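First the structure, in the form of C-alpha cells, and then the observations on it.
There are 2 protein chains.
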Amino acid sequence: MAEAPFVPPARLLLGPGPSDVDPRVLAAQAQSLIGHLDPEFIKLMDRIKTMLREVFGTANPFTLPISGTGSAGMEASFVNFLRPGDRVVVGVNGVFGTRMTEVAWKLGGQVERVVKPWGQVFTPADFGPALAKGPAKLLAIVHAETSTGAWQPIEGMAAVAHDHGALLLVDTVTSLGGVPVEVDRWEADIVYSGTQKCLSVPPGLSPLTLSPKALEALKVRAASGPVFPGTTPPPSNPNSIQSWYLDLMQLEKYWGSDRVYHHTAPISALYGLHEGLRLVLEEGLAARLSRHAKNSAALWAGLAALGLKPWAQEGHRLPSLNAVTVPDGVDEVAVRKALLTDYSIEIGGGLGELKGKIWRVGLMGHSSRIGNVMRFLEAFAKALGTQMKLPDVKPALSAAEAAAR
Amino acid sequence: MAEAPFVPPARLLLGPGPSDVDPRVLAAQAQSLIGHLDPEFIKLMDRIKTMLREVFGTANPFTLPISGTGSAGMEASFVNFLRPGDRVVVGVNGVFGTRMTEVAWKLGGQVERVVKPWGQVFTPADFGPALAKGPAKLLAIVHAETSTGAWQPIEGMAAVAHDHGALLLVDTVTSLGGVPVEVDRWEADIVYSGTQKCLSVPPGLSPLTLSPKALEALKVRAASGPVFPGTTPPPSNPNSIQSWYLDLMQLEKYWGSDRVYHHTAPISALYGLHEGLRLVLEEGLAARLSRHAKNSAALWAGLAALGLKPWAQEGHRLPSLNAVTVPDGVDEVAVRKALLTDYSIEIGGGLGELKGKIWRVGLMGHSSRIGNVMRFLEAFAKALGTQMKLPDVKPALSAAEAAAR
Numbered sequence: 003m004a005e006a007p008f009v010p011p012a013r014l015l016l017g018p019g020p021s022d023v024d025p026r027v028l029a030a031q032a033q034s035l036i037g038h039l040d041p042e043f044i045k046l047m048d049r050i051k052t053m054l055r056e057v058f059g060t061a062n063p064f065t066l067p068i069s070g071t072g073s074a075g076m077e078a079s080f081v082n083f084l085r086p087g088d089r090v091v092v093g094v095n096g097v098f099g100t101r102m103t104e105v106a107w108k109l110g111g112q113v114e115r116v117v118k119p120w121g122q123v124f125t126p127a128d129f130g131p132a133l134a135k136g137p138a139k140l141l142a143i144v145h146a147e148t149s150t151g152a153w154q155p156i157e158g159m160a161a162v163a164h165d166h167g168a169l170l171l172v173d174t175v176t177s178l179g180g181v182p183v184e185v186d187r188w189e190a191d192i193v194y195s196g197t198q199k200c201l202s203v204p205p206g207l208s209p210l211t212l213s214p215k216a217l218e219a220l221k222v223r224a225a226s227g228p229v230f231p232g233t234t235p236p237p238s239n240p241n242s243i244q245s246w247y248l249d250l251m252q253l254e255k256y257w258g259s260d261r262v263y264h265h266t267a268p269i270s271a272l273y274g275l276h277e278g279l280r281l282v283l284e285e286g287l288a289a290r291l292s293r294h295a296k297n298s299a300a301l302w303a304g305l306a307a308l309g310l311k312p313w314a315q316e317g318h319r320l321p322s323l324n325a326v327t328v329p330d331g332v333d334e335v336a337v338r339k340a341l342l343t344d345y346s347i348e349i350g351g352g353l354g355e356l357k358g359k360i361w362r363v364g365l366m367g368h369s370s371r372i373g374n375v376m377r378f379l380e381a382f383a384k385a386l387g388t389q390m391k392l393p394d395v396k397p398a399l400s401a402a403e404a405a406a407r
Numbered sequence: 003m004a005e006a007p008f009v010p011p012a013r014l015l016l017g018p019g020p021s022d023v024d025p026r027v028l029a030a031q032a033q034s035l036i037g038h039l040d041p042e043f044i045k046l047m048d049r050i051k052t053m054l055r056e057v058f059g060t061a062n063p064f065t066l067p068i069s070g071t072g073s074a075g076m077e078a079s080f081v082n083f084l085r086p087g088d089r090v091v092v093g094v095n096g097v098f099g100t101r102m103t104e105v106a107w108k109l110g111g112q113v114e115r116v117v118k119p120w121g122q123v124f125t126p127a128d129f130g131p132a133l134a135k136g137p138a139k140l141l142a143i144v145h146a147e148t149s150t151g152a153w154q155p156i157e158g159m160a161a162v163a164h165d166h167g168a169l170l171l172v173d174t175v176t177s178l179g180g181v182p183v184e185v186d187r188w189e190a191d192i193v194y195s196g197t198q199k200c201l202s203v204p205p206g207l208s209p210l211t212l213s214p215k216a217l218e219a220l221k222v223r224a225a226s227g228p229v230f231p232g233t234t235p236p237p238s239n240p241n242s243i244q245s246w247y248l249d250l251m252q253l254e255k256y257w258g259s260d261r262v263y264h265h266t267a268p269i270s271a272l273y274g275l276h277e278g279l280r281l282v283l284e285e286g287l288a289a290r291l292s293r294h295a296k297n298s299a300a301l302w303a304g305l306a307a308l309g310l311k312p313w314a315q316e317g318h319r320l321p322s323l324n325a326v327t328v329p330d331g332v333d334e335v336a337v338r339k340a341l342l343t344d345y346s347i348e349i350g351g352g353l354g355e356l357k358g359k360i361w362r363v364g365l366m367g368h369s370s371r372i373g374n375v376m377r378f379l380e381a382f383a384k385a386l387g388t389q390m391k392l393p394d395v396k397p398a399l400s401a402a403e404a405a406a407r
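Note that the protein sequences, when read in sequence, are chains U and C.
Here our numbering is used: the first residue of the first sequence is 3, the next is one more, and so on.
Here our numbering is used: the first residue of the second sequence is 3, the next is one more, and so on.
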C-alpha cells in the first residue's frame, strides 16, 4: 500500500551538514533524465570536472565526483592505495580521523595513529616519528574536522609525507567551497570532499582529485597486479583493489576520454552538482570564502556577547563548523530540541567523546548568511535562556551585525 | 569560471536504463532538504523500508536502499558475506554475471563460474556439480540479465544452494517493479536492485534485502571477527568486512531502530525513491507487472511484423529489456545514432561479446507505455529502413496495437 506523500518541513539547516540548498540546485535536480552515456551527458561530466578542478585549486586531470557520499570518497582514497599489511599513518583528533583508521583497518592496513586531543590540530613535526618507524603508503589527515570545528593547516604536510615516501591524503569534506582548499599548492596527493557542506549540493557525491604522483602509484599497482582474466579467475589476488565500485582506474576510464561503461552515474545528483558548482564560481571563490569567514566572525561576536566559548584550538577554528562549548550544567539536547521544534532550526550536537560537551553550528554554503546568524542567535538565546541566566540578546545581535560589516 | 547552465535535451529513454521518470518523482527531488537525522526524515526512511518490502515481496526486517547505484548493491552483497579464500559459485551468462565474478575476485574470493551462452538461462541442476565440489558461501545469479534480455527463473535455486550450505544471492536490478520479484517465495537470501530501471527513479540508490538466514550469517561473522578497537587497531583482521561504506551491520544500525550515525544519507534521492515507490503501489504491483508484459508483447508483435528476431532464449525473455537481434550486414551503431539524433530516442547496443549483435530496447517503469512502443516502432523502421528493405511499418503498428489491447 502506498504511504502518504512526504512533504518535508521547512528547516533552517545550521548543523554539520547537509546545508541549505539554493533553489537553483533543486530545480536543476528536477530536470528530466537523459542517458548516462548520452553525448550531452558526457558534456555535463566534462564541465563538472573542469569546475571541480577550479574549486579544488588543482590542475589534476584526475578530478571527478565519486557516486557515493563523502565516506565513499574516504573509502575510495584508502582502498585504491592500501594493500593488506601496508602501513598508514593517520592523524586522529576527532570522529573523521578515527573513521579513517577504521576504514584502513577493515581493508587490512596496519594503522599507526598519531593522536591529539579533540579540537587541537597537528604540526608536520607531529608525524615525523610515526613516518620514520617504517615505510608507510599514506599520511592521512582531516583538513576540517566536522566533529570538533578544528581547522588543520596543511602547509608542510606534503613535505613530511613525501620525505618518508608516503602520499598525502586529505579529507576536505567540510572545507571545500567554504575554506581555502589549494590542492596543488599543498602538493597533496589524494583529496576528497562531500557535496552537502560548503558546496550546498544535496548529499550523495564525493568529489575526489589525485595528483600525478598518486595516479602514477595507481597505474603501477594496476600494472603489477593480476589482471582479471574473465574466464578463469586465479584463486588469489593480493595486489588487486578490494573494491569494484570504487576502483579509481575503472572510474577514470568511465569519466575520462575512453568513456567505458562502469556503473550508471547518478544523473539527477550530477545535474545538481553542476548547478551548485556554477553558483560557487559565479559568486567567485574568494568572495565565497570571505563570506564564510565574515559570517562566522559575526556568529562568534554574538556568542561571545552571550558568554559562550568556542571549543576548538585558538587560531584554528573553522568558519564553516563552529563548535560551541556547552556551559556547565546545561542539557544540550534540550536546547537542540527546542531549536528544532520551536524555531525549525537544525544544529548538531557533539559526537563520540564530545557528546554533551559541544554544539556544532554549521555556516556552510547557502546557509552562511548574516540573516541566518541573527535568526540563530535570537532563537538560541531563548532556548538556552530557559536553562541559565543569559545576558540580554540585543547587544549580542548588535555585536554580530557589527562584525559582519 | 562558471560553465553555462545545463539543460538536458528531451529524450525518450528506451535503453537499458535509466528509464523515464514520472514528473512527480522529479518534483519530490526538488523539495528543500532536512537533516538526515531529523525526526521527520526518520519517518521517511521507515516508509521507504515498508514500501520496499512490499515491492520485493518480503517480510525481511533488513530491507533498505544502499547509498550507491546497483553496482554498489552488488558489491555490498559480496563484501559482507565473502572472506578472502571463500568459494562462491556464480552463474555467468552475460555482463552482470561476469561483473559478479570480478567483484568477488577483487575481494579475494575463489570464484567458480557456471557458464551458459549469453541469452540462455540456467536450471537449478546446472549448479549442483559446482556446489558439490566443496563448501561455497554463495550461489549468485542474475534474475534479469540487462545485457542479454534473458529472464532467469529463480524457482528451485534456493533449494540447490541451501542443500549445499550456500546462501542464494540474486541480482534484480532490471526486474524489480517490472517483472515478478518474490523474495520470500523464492527463499532468496541476499537480493539487491537499482532504482533507475522498472522503479523509474533516477540512478543513485540500490535497494537491498536480507533473509533472516543471511542476517544471521552477518551477525555470526560480526561476533567472531575482531572488533575495531579504536585506539589500538590490531595488525591484521582476516574476518573483518573489507568495506566501511557498505558494511551492512553498520547500515542496519543507521536504518534500524538504533539510528546510529553512519554516513549522510542522500536526502534528495530518498525523496525521489519515496515518491517512486508510492507510484508503484498506487498503480498496484499486479497491474504494473501486467502493463510491462503487455507493452513488451506489443513491441514484439511490431518487431516480428518488421521481420526482426529476439535474441534471448524462447520463453525466457524479459518484458523490461527486449534484446533485438541485429540483422546481418546492418550497422547497428548507425541505427542507434539516428534514433538519438533524429528522433531523440535512446536505446542500447550490445555489451561485451554481444557488441554489434543486438539492440537493447528497454520498456521499464514510466517508459513502458504503448505510445512509446508505437513511437519507437515508427522511428526504428525509418532508421533501419535506410540500411535494408523492410516491410511497410503500418501493419507492424497495427499488430503492436492489437497485442496491447
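Positions of the beta carbon are idealized from the N, C-alpha and C atoms, including for glycine.
A quick note: this is a predicted structure, and the numbers were derived from the prediction, not measured.
What does residue i reach in chain C if we use C-beta pairs closer than 7 Å?
{"i": "residue 269/U", "result": "20, 204 and 205"}
{"i": "residue 104/U", "result": "230 and 246"}
{"i": "residue 71/U", "result": "69, 265, 266 and 268"}
{"i": "residue 223/U", "result": "Per Cβ cutoff of 7 Å: no residues; residue 223/U is ~13 Å from chain C at best."}
What in chain C is Cβ-close to residue i, meaning under 9 Å?
{"i": "residue 13/U", "result": "34, 35, 36, 37, 40 and 42"}
{"i": "residue 122/U", "result": "Simply none; closest approach about 17 Å."}
{"i": "residue 336/U", "result": "Residues of chain C passing the Cβ test: none, with the nearest at roughly 15 Å."}
{"i": "residue 28/U", "result": "31, 32, 33, 34, 35 and 270"}
By DSSP's criteria, residue i is part of a beta bridge. Which residues make up the other side?
{"i": "residue 364/U", "result": "323/U"}
{"i": "residue 211/U", "result": "65/U and 193/U"}
{"i": "residue 112/U", "result": "89/U"}
{"i": "residue 144/U", "result": "173/U"}
{"i": "residue 287/U", "result": "Residue 287/U is not bridged to any residue."}
{"i": "residue 44/C", "result": "In the DSSP output, where bridge partners are listed per residue, residue 44/C has none listed."}
{"i": "residue 275/U", "result": "Answer is none; residue 275/U lacks a bridge partner."}
{"i": "residue 312/U", "result": "326/U"}
If distances are taken between C-alpha atoms only, which option among the options comes closest to residue i?
{"i": "residue 328/U", "options": "13/U, 148/U and 362/U", "result": "362/U"}
{"i": "residue 125/U", "options": "157/U, 115/U and 133/U", "result": "157/U"}
{"i": "residue 305/U", "options": "292/U, 381/U and 104/U", "result": "381/U"}
{"i": "residue 22/C", "options": "154/U, 209/U and 38/U", "result": "38/U"}
{"i": "residue 202/U", "options": "192/U, 170/U, 91/U and 26/U", "result": "26/U"}
{"i": "residue 3/U", "options": "58/C, 11/C and 5/C", "result": "58/C"}
{"i": "residue 92/C", "options": "317/C, 64/C and 132/C", "result": "132/C"}
{"i": "residue 376/C", "options": "271/C, 97/C, 403/C and 310/C", "result": "403/C"}
{"i": "residue 325/U", "options": "311/U, 333/U, 193/U and 338/U", "result": "311/U"}
{"i": "residue 294/C", "options": "407/C, 212/C and 348/C", "result": "407/C"}
{"i": "residue 389/U", "options": "371/U, 195/U and 333/U", "result": "333/U"}
{"i": "residue 365/C", "options": "302/C, 160/C and 342/C", "result": "302/C"}
{"i": "residue 86/U", "options": "167/C, 186/C, 241/C and 45/C", "result": "241/C"}
Beta-carbon within less than 8 Å of residue i's beta-carbon, same chain only, minus the 5 sequence neighbours each way: which residues are those?
{"i": "residue 257/C", "result": "47, 51 and 66"}
{"i": "residue 118/C", "result": "93, 94, 95, 124 and 128"}
{"i": "residue 84/U", "result": "90, 106, 109, 110, 111, 139 and 140"}
{"i": "residue 268/C", "result": "69, 206 and 207"}
If I measure Cβ to Cβ from residue i and keep anything under 6 Å in the same chain, skipping five residues before and after, which residues do I get?
{"i": "residue 245/U", "result": "81"}
{"i": "residue 88/C", "result": "111 and 139"}
{"i": "residue 43/C", "result": "36"}
{"i": "residue 281/U", "result": "24"}
Along chain U, in chain order, which residues have C-beta atoms closer than 8 Å to that of residue i?
{"i": "residue 108/C", "result": "230, 239, 242, 243, 244, 245, 246 and 249"}
{"i": "residue 3/C", "result": "56 and 283"}
{"i": "residue 254/C", "result": "None at all; the shortest Cβ gap to chain U is about 16 Å."}
Going along the chain, which residues of its own chain have a beta-carbon closer than 7 Å to the beta-carbon of residue i, five neighbours each way excluded?
{"i": "residue 315/U", "result": "121, 122, 123 and 152"}
{"i": "residue 262/C", "result": "255 and 256"}
{"i": "residue 160/U", "result": "170, 188, 189 and 190"}
List, in chain order, every chain U residue whose beta-carbon is nearer than 9 Å to that of residue i.
{"i": "residue 10/C", "result": "33, 34, 35, 36, 40, 42, 43, 46, 269 and 273"}
Contacting positions in the stretch 51 to 63 of chain C - beta carbon closer than 9 Å to chain U: Taking 9 Å as the upper bound on Cβ-Cβ separation, chain U lies near residues 52, 53 and 56 of the stretch 51 to 63 of chain C.
Contact set between the stretch 281 to 301 of chain U and chain C, restricted to residues whose Cβ is under 7 Å from the partner: Among the residues of the stretch 281 to 301 of chain U, those with a Cβ less than 7 Å away from any Cβ of chain C are 283 and 284, in the order of the chain.
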